[in-house]
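Q:
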Amino acid sequence: MHRPMITMLSILIILALSVNAQPSSSDLISQVCAHVPRKGFCESTLRSDPRSEGADTAGLAAVALALAASNATDNAAFIGRMLGGGGDGWAGGSLDPAVEQCLSDCADQYVDAVEQVEASIAAASARDYGGLRPWVKAAIADAESCEEGFRMEAGGHQMLMSRRNKVFKLLCDTALRIVELLVLA
Numbered sequence: 001m002h003r004p005m006i007t008m009l010s011i012l013i014i015l016a017l018s019v020n021a022q023p024s025s026s027d028l029i030s031q032v033c034a035h036v037p038r039k040g041f042c043e044s045t046l047r048s049d050p051r052s053e054g055a056d057t058a059g060l061a062a063v064a065l066a067l068a069a070s071n072a073t074d075n076a077a078f079i080g081r082m083l084g085g086g087g088d089g090w091a092g093g094s095l096d097p098a099v100e101q102c103l104s105d106c107a108d109q110y111v112d113a114v115e116q117v118e119a120s121i122a123a124a125s126a127r128d129y130g131g132l133r134p135w136v137k138a139a140i141a142d143a144e145s146c147e148e149g150f151r152m153e154a155g156g157h158q159m160l161m162s163r164r165n166k167v168f169k170l171l172c173d174t175a176l177r178i179v180e181l182l183v184l185a
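Shown next as structure tokens:
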């Protein structure tokens with residue numbers, strides 16, 4: 001009679017330890033973001049999204065991809081407002097022709113980027129992590145092309161999209177680094 005009680009107690013202790021051994025979502029975010037060059041950006045971004053709570057590594061990759069898609073959509077809308085005279089702080093409402101051309105090019109690039117990130121989300125849901133990498137890399141290349149267009153053509157206006165492009169590329173890079181952990185697992 002004493003032996004079954006010890007066995008039951010041992011099982012309960014093992015179960016309690018195994019439950020405590022699993023990292024909390026906050027610990028998992030820290031562990032995952034330790035593999036990302038911009039660890040602070042990764043942690044603050046993932047922690048700011050409620051979908052990260054309780055997510056596993058694949059879930060965190062999905063959150064990062066969803067945030068990149070949302071950011072690309074926001075960037076496309078911003079460009080549309082700029083081209084439509086909506087301004088967002090643009091003085092005067094009329095655009096220099098070089099700036100207008102750069103924005104028009106960026107609009108096309110962000111339409112592509114949104115589609116590419118959405119394709120990567122579909123690949124992630126199918127757990128096709130190798131297949132999603134080219135889509136995310138293509139989206140990053142679109143943001144880099146937008147940035148380069150401003151650097152080459154719009155002279156002093158390159159800051160117009162610089163911060164937006166940088167944040168988008170960081171979100172995509174964060175997603176790629178998390179996906180690399182899934183591929184290696």
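Our numbering puts the first residue of the sequence shown at 1, with every later residue one more than the last.
Idealized CB from N, CA, C, for every residue including glycine.
Mind checking whether residue 117 and residue 65 have CB atoms under 8 angstroms apart?
A: yes
Q: What does the Cβ neighbour count give for residue 163, buried or exposed, with the cut at 16 atoms within 10 Å?
A: exposed
Q: Determine the closest residue to residue 151 out of 140, 165, 139 and 138, with distance taken between C-alpha atoms.
A: 165
Q: Relative to the alpha-carbon of residue 170, which residue among 143, 110 and 104 has its alpha-carbon at the smallest distance?
A: 143
Q: If we count Cβ pairs, one from each stretch, closer than 8 angstroms, do we get three or more for the stretch 57 to 73 versus the stretch 117 to 133?
A: yes
Q: Using C-beta distances below 8 angstroms, list every residue in its chain close to residue 28, excluding the 5 sequence neighbours before and after it, in chain order.
A: 55, 56, 57 and 60
Q: Just mark residue 125 as buried or exposed, buried being the case when its beta carbon has 16 or more other beta carbons within 10 Å.
A: Exposed, because fewer than 16 other Cβ atoms sit within 10 Å of the Cβ of residue 125.
Q: Fully enclosed by the stretch 103 to 154, which alpha helix (DSSP H) runs are 4 residues long or longer?
A: 129 to 153
Q: Across the stretch 131 to 146 and the stretch 36 to 56, are there enough close Cβ pairs to call them in contact, namely three or more that are closer than 8 angstroms?
A: no
Q: Less than 8 angstroms separating the beta-carbons of residue 114 and residue 77?
A: no
Q: Just to confirm before moving on: does the CB-CB distance between residue 161 and residue 147 stay below 8 angstroms?
A: yes
Q: Buried or exposed for residue 31, please, with buried defined as at least 16 other CB atoms from any protein chain shown within 10 angstroms of its CB.
A: Residue 31 comes out exposed.
Q: Find the nearest neighbour of residue 153 within the set 178, 136 and 101, judged by alpha-carbon distance.
A: 101
Q: Could you tell me whether the Cβ atoms of residue 79 and residue 95 are closer together than 8 angstroms?
A: no
Q: Roughly how many whole angstroms lie between the Cα atoms of residue 159 and residue 136?
A: 23 angstroms
Q: Grab me the residues of residue 180's own chain with a C-beta within less than 8 angstroms of its C-beta, minus the 5 sequence neighbours each way, in chain order.
A: Excluding positions up to five away in sequence, the list reads 35.
Q: Expressed to the nearest angstrom, what Euclidean distance is found between the alpha-carbon atoms of residue 52 and residue 33?
A: In a straight line, the C-alpha of residue 52 is about 13 angstroms away from that of residue 33.
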